[in-house]
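In my numbering, the protein residues as written are 12 to 326.
Every residue gets a Cβ at the ideal spot worked out from N, C-alpha and C, and that includes glycine.
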């Protein structure tokens with residue numbers, strides 16, 4: 012699930028339909044954690060993710076064909092697609108699927124929503140993020156505090172049986188951050204081209220791994236798991252990517268980045284309603300910290316300050 016870089020101001024007079032699409036996008040990505048939870052009940056993680064990337068990649072390829080856009084044929088670009096696949100799908104998708112065998116979908120949603128924080132930290136460490144502002148540092152602090160509340164408290168309580176799974180979700184968020192940084196090499200390409208190319212490259216890596224590790228012909232997945240994989244590929248990957256790249260053009264990168272924190276409460280709610288999950292008190296506090304941190308990281312400084320002042324004037 013990519014996180015958009017910040018750019019210019021919000022575009023005025025945007026039709027309400029585009030904001031509806033933004034809510035649909037956040038729902039598609041928020042629901043993916045519930046789909047994964049249902050899928051891994053009877054399908055091993057590698058096979059589940061291989062099916063997700065293959066189906067979604069083929070669907071995006073079909074969309075490109077309808078649009079008359081062709082994938083590049085040079086080896087250098089496809090090597091970049093393969094690296095992007097490792098960072099944006101193969102590693103994070105597999106880590107999330109593996110983690111959700113022992114972690115609730117709602118908790119996975121929270122921990123994996125921290126990628127904007129790691130994008131900032133990576134950019135700062137590599138010298139490409141400019142001078143950090145107080146707001147950005149506050150966002151990093153709030154987000155990391157949320158992670159510590161969720162992961163650290165359980166470890167101290169002696170409930171560390173799921174600690175590795177929780178750390179895997181954090182590593183997946185770091186992978187998404189690296190993917191966003193590396194994705195700059197595709198500047199100049201139609202945005203859907205690297206999405207399709209990286210998914211197809213990921214499928215080329217994952218399908219053989221699935222055949223060798225899981226021997227999928229010996230599996231007996233439930234109907235619910237198979238439907239979850241289909242929903243994951245069609246709704247949370249192919250459809251979500253299509254909407255995402257449309258919104259980049261209609262809403263602009265800054266407004267589209269709102270999905271980064273919209274999908275957190277949506278994903279948690281879907282897990283609670285559909286799977287009957289419950290979150291500990293510290294997880295709810297951690298959720299609030301993560302949402303505040305991501306908002307601070309994705310909203311321009313001046314806009315957040317103006318909104319804060321308007322809020323204070325209301326008292």
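Checklist entry - So what does DSSP say about residue 79, is it helix, strand or coil? => result coil
Next on the checklist: Using a Cβ distance threshold of 8 Å, determine whether the stretch 180-191 contacts the stretch 122-129, with at least three qualifying pairs required.
Outcome noted: yes
Next on the checklist: Relative to the C-alpha of residue 116, which candidate in 303, 306, 274 and 296 has its C-alpha closest?
Outcome noted: 274
Next on the checklist: For a quick check, are the C-beta atoms of residue 82 and residue 207 less than 8 Å apart?
Outcome noted: yes
Checklist entry - Under a Cβ-count criterion, where at least 16 other Cβ atoms within 10 Å of its own Cβ denotes burial, should residue 102 be classed as buried or exposed? => result Counting C-beta atoms within 10 angstroms of its own C-beta, residue 102 has 16 or more neighbours from the protein chains shown and is therefore classed as buried.
Checklist entry - First and last residue of the alpha helix (DSSP H) that includes residue 261? => result Element bounds for residue 261: 251-261.
Item to check | Nearest to residue 49 (by Cα), restricted to the options 113, 132 and 97 | outcome: 113
Checklist entry - Comparing alpha-carbon positions, which option in 226, 35, 71 and 267 lies nearest residue 209? => result 71
Next on the checklist: Mapping the DSSP letters down to three states, classify residue 51 as helix, strand or coil.
Outcome noted: coil
Checklist entry - Can you tell me whether residue 26 is buried or exposed, with buried defined as 16 or more other CB within 10 angstroms of its CB? => result Exposed, because fewer than 16 other Cβ atoms sit within 10 Å of the Cβ of residue 26.
Next on the checklist: Starting from residue 112, trace the alpha helix (DSSP H) in both directions and tell me its first and last residue.
Outcome noted: No alpha helix (DSSP H) contains residue 112, which DSSP labels as neither H nor E.
Checklist entry - Are the CB atoms of residue 89 and residue 212 nearer to each other than 8 Å? => result yes
Next on the checklist: Looking at residue 121: is its Cβ nearer than 8 Å to the Cβ of residue 279?
Outcome noted: yes
Next on the checklist: Less than 7 Å between C-beta atoms, sequence neighbours within five positions excluded: which residues of the same chain meet that for residue 250?
Outcome noted: 39
Checklist entry - Exposed or buried, residue 56, counting other C-beta atoms within 10 Å across all chains shown (16 or more means buried)? => result buried
Checklist entry - Along the chain, where does the alpha helix (DSSP H) that runs through residue 92 open and close? => result Per DSSP, the continuous alpha helix (DSSP H) segment holding residue 92 begins and ends at 86-96.
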